[in-house]
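Heads up: the sequence shown at position 120 corresponds to 120 in the UniProt record's numbering, and the numbers run straight through without jumps. This report concerns only the one structure given below.
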Amino acid sequence: MKRKINNKNLYILLSGRIATNIADSLFYMAILWSFKEKFQSPIIVSLIFTIESVIDMFSFSLGPIIDRIKIKKLLKVVSFLQAIFSVIAVGIILLNGKKVVSISLLLLIYLLSTIGSTMLYPSEEKILPTLVNHENLIKANALFQMSYRTLDLFLDALATILITLVSVPFTLIISGVIFALALALYTSLGLVKQSMTAIDEEVTCEYLTDLKIGWNILEQEGRILALIIPFAVTNLFYGVASVGLPYFASKYLTNSAISYGSLGLASSIGGLIGAMLVHRFSFGSRNLSRFVVVCLVLAGISVIGEPALAVRMPVLVFLLFASSSLWIAMMNINFETLVQKSFSPNLLGRIETINSSIISCMIPIGSLLGGIIVKYVGVNWAIYLQGIAELVTGIYYLVIFNKRK
Numbered sequence: 001m002k003r004k005i006n007n008k009n010l011y012i013l014l015s016g017r018i019a020t021n022i023a024d025s026l027f028y029m030a031i032l033w034s035f036k037e038k039f040q041s042p043i044i045v046s047l048i049f050t051i052e053s054v055i056d057m058f059s060f061s062l063g064p065i066i067d068r069i070k071i072k073k074l075l076k077v078v079s080f081l082q083a084i085f086s087v088i089a090v091g092i093i094l095l096n097g098k099k100v101v102s103i104s105l106l107l108l109i110y111l112l113s114t115i116g117s118t119m120l121y122p123s124e125e126k127i128l129p130t131l132v133n134h135e136n137l138i139k140a141n142a143l144f145q146m147s148y149r150t151l152d153l154f155l156d157a158l159a160t161i162l163i164t165l166v167s168v169p170f171t172l173i174i175s176g177v178i179f180a181l182a183l184a185l186y187t188s189l190g191l192v193k194q195s196m197t198a199i200d201e202e203v204t205c206e207y208l209t210d211l212k213i214g215w216n217i218l219e220q221e222g223r224i225l226a227l228i229i230p231f232a233v234t235n236l237f238y239g240v241a242s243v244g245l246p247y248f249a250s251k252y253l254t255n256s257a258i259s260y261g262s263l264g265l266a267s268s269i270g271g272l273i274g275a276m277l278v279h280r281f282s283f284g285s286r287n288l289s290r291f292v293v294v295c296l297v298l299a300g301i302s303v304i305g306e307p308a309l310a311v312r313m314p315v316l317v318f319l320l321f322a323s324s325s326l327w328i329a330m331m332n333i334n335f336e337t338l339v340q341k342s343f344s345p346n347l348l349g350r351i352e353t354i355n356s357s358i359i360s361c362m363i364p365i366g367s368l369l370g371g372i373i374v375k376y377v378g379v380n381w382a383i384y385l386q387g388i389a390e391l392v393t394g395i396y397y398l399v400i401f402n403k404r405k
């Protein structure tokens, strides 16, 4: 009987996460394209990526809140607010006020919505280990990855078609409706009260003590910390490439939002295939270091090939985007499973957000640099730098892990 209840809740949670992911993507794409087309400046566009990455960097501060508050209530409140933010964004765009005022208000709405998303995703990951046993965690994580990556195949095309053929405001309205759907799903989620409330005396500590506990426990798990820290440096160049990507798509494909969405579609296909193949390439926690090296090197080679072959073989660019996402997806699923198995569910909120903060701490700098590099150096180098960084990080891991042996 317990298994049946857990399975039902697992699929409700999955449906809510899919809805949240769709709404988030539509909201993000609409705001991003509004900035690109209306303000015509890579540096202004880079502010969108900077806001997102700054929030990720400080997401560790949300960990104790996620561990303390009732998760169902958190999911409901945040989803409701994000639906409201979508409606407010429509009003700001339609009013078409002064440039400085419009930019400031849209950035504020995007900031608040992104904070909400930053709280939602680790909250959902915190619930997952309580719904399935450890042996099935990797399967559950793969199911989540496969499900919303499959939807992303249609979502990227839908978002760009809506923006190109209809309008940005209409896309934002659809986003708000889907956030409301996510709210309804989270409302119907039935959770065992004990599993989602703090029952450890660790979790009854004060806020700052909670943060310290989470950091100390993560620090004791040396293998995870050793994998996380170099990713921060790699993500500096991921931030650069993220700003360059819309301009890369316009330069080598078409000047419409559909070209940018097409690259996202290719990435989603690669991520989906990676989630489907993860069982065959899962080496387990003992050999995860080798797997990380392989994934980073192959992903880096794929990214370097994107601008190198864009002029002569633009079709191959889509395959390279898919290849890069395939290897990164397999690495991320294995790493996420390792984290979930290594820590108590009552600590996962703090651990997940601290991990995210460490990994993301350099992205804001990269995002700001990205606007400058695209404007003064060129879009190709914005992409090249990400591939080179992944390749160098993979080689670095190889050397470090071999020395430890």
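Even glycine gets a Cβ: it sits at the ideal position worked out from N, Cα and C. Bear in mind that the values here come from a model prediction, so they are computed numbers and not experimental data.
In this structure the stretch 94–113 does not lie against the stretch 295–308, because fewer than three pairs of beta carbons, one per stretch, are closer than 8 Å. Residue state for Ile-69 is assigned as coil, using DSSP reduced to three classes.
Contact between Ile-178 and Ala-19 holds, since their C-beta atoms are separated by about 5 Å, short of 8 Å.
Distances from the CA of Asn-9 to each of Leu-128, Pro-42, Val-100 and Ile-69 were compared; the closest alpha carbon is that of Leu-128. Looking at Phe-154, Ile-84 and Leu-385, the one whose alpha-carbon comes closest to that of Gly-116 is Ile-84.
Excluding its 5 nearest sequence neighbours in each direction, Leu-316 has C-beta neighbours in its own chain below 7 Å: Leu-309, listed in chain order. Cβ neighbours of Ile-363 within its own chain (closer than 6 Å, five residues either side excluded): Ser-53, Asn-235 and Gly-239. For the pair of segments examined, the stretch 268–278 was found to touch the stretch 320–334: the number of CB pairs separated by less than 8 Å reaches three. For Leu-75, the closest of Lys-38, Ser-15 and Ile-395 by C-alpha to C-alpha distance is Ser-15. Close CB contacts of Ala-159 within its chain, under the 7 Å cut and outside five residues either way in sequence, are with Ser-25, Leu-26, Met-29, Thr-171 and Gly-261 (chain order). Only buried fits Lys-126, as 16 or more other CB atoms lie within 10 angstroms of its CB.
Nearest Cα to Glu-390 within the set Ile-304, Gly-378, Gly-366 and Ile-358: Ile-304. Between Ala-266 and Ser-325, the C-beta gap is smaller than 9 Å, which places the two residues in contact. Annotation for Arg-17: the continuous alpha helix (DSSP H) segment containing it runs 2–39.
Annotation: Ser-175 to Ser-167 spans about 13 Å, alpha carbon to alpha carbon. When the alpha-carbon of Ile-372 is set against those of Lys-38, Thr-50 and Ala-182, the nearest one is in Thr-50.
Inter-residue distance for Ala-241 and Ile-44 is about 15 Å (C-alpha atoms, whole angstroms).
Annotation: the continuous alpha helix (DSSP H) that includes Leu-107 extends over 99–131. At the C-beta level, Ala-275 and Met-146 come within 9 Å of one another.
Nearest to Tyr-252 by alpha-carbon distance, out of Ile-388, Leu-94, Arg-312 and Asn-96, is Arg-312. Approximately 6 Å separates the beta-carbon atoms of Ile-229 and Ile-358; this is inside 8 Å, confirming the contact. Across the structure, Ile-48 and Ile-173 are spaced so that their CA atoms are roughly 20 Å apart. Per the coordinates, the alpha-carbon of Phe-80 lies some 21 Å from the alpha-carbon of Ile-93. Residue state for Met-331 is assigned as helix, using DSSP reduced to three classes. For Val-293 against Ser-46, the beta-carbon gap comes to about 31 Å, at or over 8 Å, which does not count as contact.
DSSP places Val-311 outside both helix and strand once states are collapsed to three, so it counts as coil. With a threshold of 16 other beta carbon atoms within 10 Å, Arg-17 meets it and is buried.
Taking C-alpha positions only, Asn-7 is separated from Leu-131 by approximately 7 Å.
Considering only Ile-138, Ile-55 and Ile-31, the residue with the shortest C-alpha distance to Gly-91 is Ile-31. The straight-line gap separating the alpha-carbon atoms of Leu-165 and Val-87 is approximately 20 Å.
The DSSP-derived three-state label of Asn-141 is helix. Classified as exposed, Thr-254 has fewer than 16 neighbouring CB atoms from the shown chains inside 10 Å of its CB.
Asn-235 sits in a helix when the DSSP states are folded into three classes.
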